[in-house]
Amino acid sequence: MDSMKGKVWTFRDCIDTDVIIAGRYLRTFNPEDLAAHVMEAEDPEFSSKVGKGDIIVGGWNFGCGSSREQAPVAIKTAGVSAVIAKSFARIFYRNAINIGLPVITADIEVDEGDILEVNIEDGIIINETTKKTFKIKPFDAEMLDILENGGLVNQYLKNKKEV
Numbered sequence: 001m002d003s004m005k006g007k008v009w010t011f012r013d014c015i016d017t018d019v020i021i022a023g024r025y026l027r028t029f030n031p032e033d034l035a036a037h038v039m040e041a042e043d044p045e046f047s048s049k050v051g052k053g054d055i056i057v058g059g060w061n062f063g064c065g066s067s068r069e070q071a072p073v074a075i076k077t078a079g080v081s082a083v084i085a086k087s088f089a090r091i092f093y094r095n096a097i098n099i100g101l102p103v104i105t106a107d108i109e110v111d112e113g114d115i116l117e118v119n120i121e122d123g124i125i126i127n128e129t130t131k132k133t134f135k136i137k138p139f140d141a142e143m144l145d146i147l148e149n150g151g152l153v154n155q156y157l158k159n160k161k162e163v
């Protein structure tokens, strides 16, 4: 998997799925509609400011709350290439991997606006703004395969075709 590189958007501890995408927007299954309202409760302008490839860095317990799958879908569809946090709610972590959104557990030093380069295969995060390097546990081959295929369902369909 190629490195991801993007601008950092920082968020506090305990960002729950209602903050990521409010319940009032769950009447649609259109990912673009969800992305238009992503992180609105924390930053009403976030969806218009975030760029393709940008990276969210959160604190402890990112994605807590309900098990809504729309939360990682909204983040990914908004263009975010990865979410890094000190810890994740288990169901959010699994939902993110299932749709092909890399989620990385790490405690790194960043400021909003910094530029990060993330290589989950080699286990390295480089803050290009401060020139600091952080080691993370590299993702294993199976996890990389799921992410490279765009999620668990896509990986299954690919493997089914190969049989």
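Letter 153 of the sequence shown, counting from 1, is numbered 153 in full-length UniProt numbering, and no numbers are missing. The beta-carbon is built from N, C-alpha and C at its ideal position, and this holds for glycine as well.
For residue i, the nearest candidate out of the options (CA to CA)
i, options, result
"residue 69", "20, 140 and 139", "20"
"residue 99", "40, 149, 158 and 11", "149"
"residue 87", "79, 106 and 72", "106"
"residue 78", "43, 94, 41 and 48", "48"
"residue 144", "104, 133 and 126", "104"
"residue 122", "113, 134 and 115", "134"
"residue 142", "23, 5 and 159", "159"
"residue 81", "108, 157, 14 and 147", "147"
"residue 63", "51, 13, 30 and 155", "13"
Reduced DSSP secondary structure (H/G/I, E/B, other) of residue i
i, result
"residue 53", "coil"
"residue 73", "helix"
"residue 163", "coil"
"residue 125", "strand"
"residue 46", "helix"
Extent of the continuous beta strand (DSSP E) run through residue i
i, result
"residue 116", "115–119"
"residue 134", "132–135"
"residue 84", "82–85"
"residue 4", "4–10"
"residue 103", "103–105"
Residue i versus residue j - alpha carbon distance
i, j, result
"residue 7", "residue 117", "9 Å"
"residue 89", "residue 17", "10 Å"
"residue 91", "residue 67", "6 Å"
"residue 2", "residue 151", "16 Å"
"residue 34", "residue 25", "7 Å"
"residue 32", "residue 71", "12 Å"
Alpha helix (DSSP H) segment containing residue i, residue limits
i, result
"residue 20", "17–20"
"residue 26", "Residue 26 -> no alpha helix (DSSP H), and no H or E assigned at all."
"residue 90", "90–99"
"residue 138", "First-last for residue 138: undefined, no H or E at that position."
"residue 32", "31–35"
For residue j and residue i, believed in contact at Cβ under 8 Å, the rounded distance
i, j, result
"residue 110", "residue 28", "Incorrect: roughly 32 Å between the Cβ atoms, too far for contact."
"residue 125", "residue 115", "Not confirmed; about 11 Å, so no contact."
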